[in-house]
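Chemist: Have a look at this one before I ask anything.
In my numbering, the protein residues as written are 63 to 448.
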């Protein structure tokens with residue numbers, strides 16, 4: 063057992079290092095490309111400035127050049143700090159978020175019962191996001207005249223996707239499998255585009271999706287236990303598929319929000335998205351929780367088990383602050399930087415879960431982990447190249 067644990071830690075460490083290397087390399091490449099564009103613009107502006115001020119002394123030009131270099135260095139240092147803050151905040155918030163999410167659904171009360179009130183959990187998470195979003199909206203100023211009906215649609219589909227993911231965990235799907243499967247969001251998008259839109263994709267894109275789906279399936283099969291009956295497996299699988307479908311719908315509705323806002327001459331700000339989306343997520347979750355009786359059962363379970371209440375509060379807080387760090391990073395950097403950070407974060411969440419939650423993987427399971435992570439990292443690289 064000790065040897066197996068040592069091998070598991072070694073494999074996780076190697077995969078962690080490889081993922082971190084790719085993440086740093088891709089973010090550095092994006093920043094290098096940005097600096098190159100900025101440098102070309104500055105040189106062009108500098109040449110025009112020197113041409114217009116040719117009568118200036120050499121000393122004045124030298125002082126100006128030194129000032130520009132100093133200013134450029136300060137700007138780059140400031141961007142490095144912002145990147146560290148944004149990426150570090152995303153990693154810290156969502157790594158802890160994932161750990162708490164797993165703890166919530168692995169919790170066992172004194173009588174052996176577990177937490178199953180998933181809609182109640184969504185109410186708590188959305189409430190914290192609304193609170194933080196409202197503070198951000200107040201501080202940055204909201205945008206009036208946004209298409210609220212479409213925001214309601216995206217809020218409903220997004221909370222449905224989150225519900226299905228958590229319901230999969232509640233029905234026995236392991237956190238690593240659920241997280242890897244959620245990385246296959248491109249599957250419903252590709253299927254819908256192929257069937258309805260006649261879109262075409264490259265062989266590389268098909269291979270990336272196949273690697274993620276195939277790797278997830280391998281891990282899932284390797285973790286099958288006798289205690290997990292067929293019914294549980296089918297239910298968990300159905301919830302994962304449903305979550306991916308709702309993710310695809312969410313992406314489509316969000317595009318319609320942008321198009322409709324553009325028609326009205328508006329551009330939604332980051333905290334517009336966070337606040338309005340989560341307001342409708344909150345009311346959707348509240349409605350389902352009340353109709354299904356999960357609201358009262360959830361409160362009763364938390365009162366009887368204060369330990370899980372603490373986990374739920376921290377889980378919801380991490381979700382809210384994690385979203386804030388995502389919006390902060392988007393507002394300061396290329397969207398691909400944010401995509402790289404959020405995508406590689408999922409791999410770290412899987413590895414952290416394996417290391418800290420007692421998951422046991424055989425050679426087949428590890429081959430699935432490597433295959434799925436390869437597909438995820440290839441997706442990051444291809445997006446940067448595109």
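All C-beta atoms in this analysis are idealised placements derived from N, C-alpha and C, irrespective of residue type, glycine included.
Does the distance from the C-beta atom of residue 191 to that of residue 382 stay below 9 angstroms?
Modeler: Contact flag set, yes.
Chemist: Check whether the stretch 204-221 and the stretch 322-337 are in contact - that is, three or more C-beta pairs closer than 8 angstroms.
Modeler: Touching, per the Cβ criterion.
Chemist: CB-CB under 7 angstroms to residue 346, same chain, minus the five flanking residues each way: which ones, in chain order?
Modeler: Taken in chain order, the residues that qualify are 217, 218 and 221.
Chemist: DSSP puts residue 170 in a beta bridge; with which residues?
Modeler: Answer is 176, bridged to residue 170.
Chemist: Residues in its own chain within less than 7 angstroms of residue 152 by CB, not counting five upstream and five downstream?
Modeler: Around residue 152: 384, 387, 388, 391, 403, 404 and 407.
Chemist: With distances taken between CB atoms, is the gap from residue 225 to residue 184 smaller than 9 angstroms?
Modeler: Yes, these two residues count as a Cβ contact at 9 angstroms.
Chemist: So, do the stretch 344-359 and the stretch 166-184 have three or more beta carbon pairs nearer to each other than 8 angstroms?
Modeler: Yes, the stretch 344-359 is in contact with the stretch 166-184.
Chemist: With a Cβ-Cβ cutoff of 9 angstroms, do residue 278 and residue 223 count as a contact?
Modeler: No, the Cβ-Cβ distance between residue 278 and residue 223 is not below 9 angstroms.
Chemist: Give the straight-line distance between the Cα atoms of residue 420 and residue 430, rounded to the nearest whole angstrom.
Modeler: Their backbone Cα atoms lie some 18 angstroms apart in a straight line.
Chemist: Around the Cβ of residue 439, are there at least 16 other Cβ atoms within 10 angstroms (buried) or fewer (exposed)?
Modeler: Classification for residue 439: buried.
Chemist: Consult DSSP for residue 208 and reduce its assignment to one of helix, strand or coil.
Modeler: Looking at residue 208 - three-state DSSP - the assignment turns out to be coil, as it is neither helix nor strand.
Chemist: Return yes when the Cβ of residue 166 is within less than 9 angstroms of the Cβ of residue 302, no when it is not.
Modeler: For residue 302 and residue 166, no; Cβs fall outside 9 angstroms.
Chemist: With distances taken Cα to Cα, identify the nearest neighbour of residue 188 among 204, 241, 380 and 238.
Modeler: Selected option, being the one with the closest Cα: 380.
Chemist: Between the Cα of residue 186 and the Cα atoms of 436, 428 and 361, which residue gives the shortest distance?
Modeler: It is 361 whose Cα lies nearest to the Cα of residue 186.
Chemist: In the DSSP assignment, the alpha helix (DSSP H) including residue 330 goes from what residue to what residue?
Modeler: From DSSP, residue 330 is part of no alpha helix (DSSP H); its letter is neither H nor E.
Chemist: Thinking C-alpha only, which one of 235, 142, 371 and 365 is nearest residue 297?
Modeler: The option with the nearest alpha carbon to residue 297 is 235.
Chemist: Would you mind sorting residue 369 into buried or exposed? The rule is 16 or more other CB atoms within 10 Å of its CB.
Modeler: So residue 369 ends up on the exposed side.
Chemist: Thinking C-beta only, is residue 237 closer than 9 angstroms to residue 422?
Modeler: No, these two residues do not count as a Cβ contact at 9 angstroms.
Chemist: Measure the alpha-carbon distance for residue 248 versus residue 270 and round it to whole angstroms.
Modeler: Between residue 248 and residue 270, the C-alpha separation is close to 10 angstroms.
Chemist: For residue 196, which residues in the same chain have their Cβ closer than 7 angstroms to its Cβ, ignoring the five residues on either side in sequence?
Modeler: Result list for residue 196: 337, in chain order.
Chemist: Exposed or buried, residue 283, counting other C-beta atoms within 10 Å across all chains shown (16 or more means buried)?
Modeler: Looking at its Cβ environment, which holds fewer than 16 other Cβ atoms inside 10 Å, residue 283 is exposed.
Chemist: Which term fits residue 244, buried or exposed, when burial requires 16 or more other beta carbons within 10 angstroms of its beta carbon?
Modeler: So residue 244 ends up on the buried side.
Chemist: Just to confirm before moving on: does the CB-CB distance between residue 162 and residue 395 stay below 9 angstroms?
Modeler: Result no, Cβ atoms of residue 162 and residue 395 do not sit closer than 9 angstroms.
Chemist: Can you check the stretch 346-375 for any alpha helix (DSSP H) of at least 4 residues that lies completely inside it and give the ranges in chain order?
Modeler: Whole alpha helix (DSSP H) segments, 4+ residues: 356-366.
Chemist: Just to confirm, are residue 340 and residue 171 a CB contact at a threshold of 9 angstroms?
Modeler: Result no, Cβ atoms of residue 340 and residue 171 do not sit closer than 9 angstroms.
Chemist: Can you list, in chain order, the residues of its chain with a C-beta nearer than 6 angstroms to that of residue 432? Leave out the 5 residues immediately preceding and following it.
Modeler: Nothing listed; no residue qualifies.
Chemist: Write down the C-beta distance between residue 207 and residue 326 rounded to the nearest angstrom, noting that I regard them as a contact closer than 8 angstroms.
Modeler: Rounded, the Cβ-Cβ distance is 6 angstroms, consistent with contact.
Chemist: So, is residue 309 buried or exposed, given that buried needs 16 or more other C-beta atoms within 10 angstroms?
Modeler: Residue 309 is buried by the Cβ-count criterion.
Chemist: In whole angstroms, give me the CA-to-CA distance for residue 378 and residue 315.
Modeler: C-alpha separation (whole angstroms): 24 angstroms.
Chemist: Using the rule of at least 16 other Cβ atoms within 10 Å of the residue's Cβ for burial, across every protein chain shown, is residue 427 buried or exposed?
Modeler: Residue 427 should be labelled buried.
Chemist: If we call anything under 9 angstroms between Cβ atoms a contact, is residue 412 one with residue 435?
Modeler: Yes, they are a contact pair.
Chemist: Three-state secondary structure (DSSP) at residue 394?
Modeler: Residue 394 falls in the helix class under three-state DSSP.
Chemist: Mind checking residue 268: buried by the 16 CB within 10 Å criterion, or exposed?
Modeler: Result: exposed.
Chemist: Under the three-state reduction of DSSP, which class applies to residue 282: helix, strand or coil?
Modeler: In the structure shown, residue 282 sits in a helix (DSSP, three-state: H, G or I).
Chemist: Does the beta carbon of residue 169 sit closer than 9 angstroms to a beta carbon anywhere in chain D?
Modeler: Protein chain content of the structure displayed is limited to a single chain, and chain D is not contained in it.
Chemist: So, at 7 angstroms on beta carbons, what are the nonlocal neighbours of residue 200 in its own chain, with the 5 sequence-adjacent residues on each side left out?
Modeler: So the list is empty, once near-sequence residues are dropped.
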